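In my numbering, the protein residues as written are 1 to 309.
Positions of the beta carbon are idealized from the N, C-alpha and C atoms, including for glycine.
None of the values given here were measured: they were computed from a predicted structure.
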Ligand code: AMP
Ligand code: FE
Ligand code: FE
Ligand code: ZN
């Protein structure tokens, strides 16, 4: 079936499924292509690509970067990046360290508030390497400091709540530059969650397009039909690829099924093809193909042509 899902989370960030199980679920949902896009890490990508290859599912490396726009949630989906490219590897390392430091600050604040959950308790909830606020929320619930995860966010962890702490993020411009330098392309994820109104979003997309943004996640779980229309219009206006995905997180977002965006809408796999074609035009290769000749690229450095495996 000609559908894909370009926005998926595993246990390597805040999802509850392994990369292997996600590849299996994507095939079972009848998808021809899927991309794992864990938050701020590409550590699950090799396992996802290996599983996809075994199952005959088309895939490429993916990543969802949280960008630094004060007071707003701006996520950038990075497709086709080489995690080993030096600037990308450095950025991923700094994001990992920044998350650990931020978490420690949250634990300190929680202790001061009389809710001393530990780093170990949150790590147990995570199951993978990345510990995030949802895991800290789960630990708070387990210890009886909150009724449920939503309560834990409302009372402690949400932006503006007393145990909230900022973590290191790249500016959107830097994130785009790093992703492109690592051989990838960037799409703005779930534009609705930026909280911008129509005019503000247009200015923001224009600014990011100038910085090298190439896609807009128009199709997304939770986007209303009129929002999809608005975003498709923006994509056309700025020559961006119309991308889409569900933001599947396993049981952490229980209402989302792989491959099915809002109202049962599916993302045609032309979105995947268009991303692959854009990257191929820059003489990129994918893990299933032989490496490109060094020096064959245009604007990106020759060392970014080497792909993982
Ligand atoms: P982190 O990357 O550790 O800051 O955690 C971000 C994740 O926390 C997001 O992907 C959401 O899944 C979750 N999250 C953020 N804000 C809230 C909220 N107000 N209520 C519930 N979950 C939230
Ligand atoms: Fe998430
Ligand atoms: Fe996101
Ligand atoms: Zn996501």
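For residue 217, the three-state secondary structure derived from DSSP is strand.
Residue burial annotation: residue 19 is buried, with at least 16 other C-beta atoms found within 10 angstroms of its C-beta.
Note: residue 39 is bridge-paired with 64 in the DSSP secondary-structure output. Considering only 11, 62 and 10, the residue with the shortest C-alpha distance to residue 183 is 62. Approximately 5 Å separates the beta-carbon atoms of residue 259 and residue 31; this is inside 8 Å, confirming the contact. With contacts defined as CB atoms closer than 7 Å, residue 10 and residue 22 qualify as a contacting pair. Taking the Cβ atoms as the reference, residue 93 lies roughly 16 Å from residue 103, outside the contact range of under 8 Å. Taking 7 Å as the cut-off, the beta carbon of residue 216 is found no closer than this to the beta carbon of residue 170. Annotated three-state conformation of residue 187 is strand, per DSSP.
A Cβ-Cβ contact shorter than 7 Å links residue 76 with residue 175. In the three-state reduction of the DSSP assignment, residue 196 falls in the coil class, being assigned neither a helical nor a strand state. Within a 10 Å sphere around the beta-carbon of residue 112 sit fewer than 16 other beta-carbons, which makes this residue exposed. Judged by beta-carbon spacing, residue 271 lies beyond the 7 Å limit of residue 227, meaning their Cβ atoms are not closer than that value.
Assignment of residue 231 by DSSP, reduced to helix, strand and coil, places it in the helix class. Going by DSSP, residue 5 is part of the beta strand (DSSP E) stretching over 3-8. By the Cβ-count criterion, residue 207 is exposed, with fewer than 16 other Cβ atoms from all chains shown falling within 10 Å of its own Cβ. For residue 98, the uninterrupted alpha helix (DSSP H) run begins and ends at 86-112, by DSSP. Within the DSSP secondary-structure output, residue 244 pairs in a beta bridge with 219. In this structure, DSSP gives residue 141 a helical state, which the three-state scheme calls helix. For residue 276, the three-state secondary structure derived from DSSP is helix.
According to the DSSP secondary-structure assignment, residue 81 is paired through a beta bridge with no residue.
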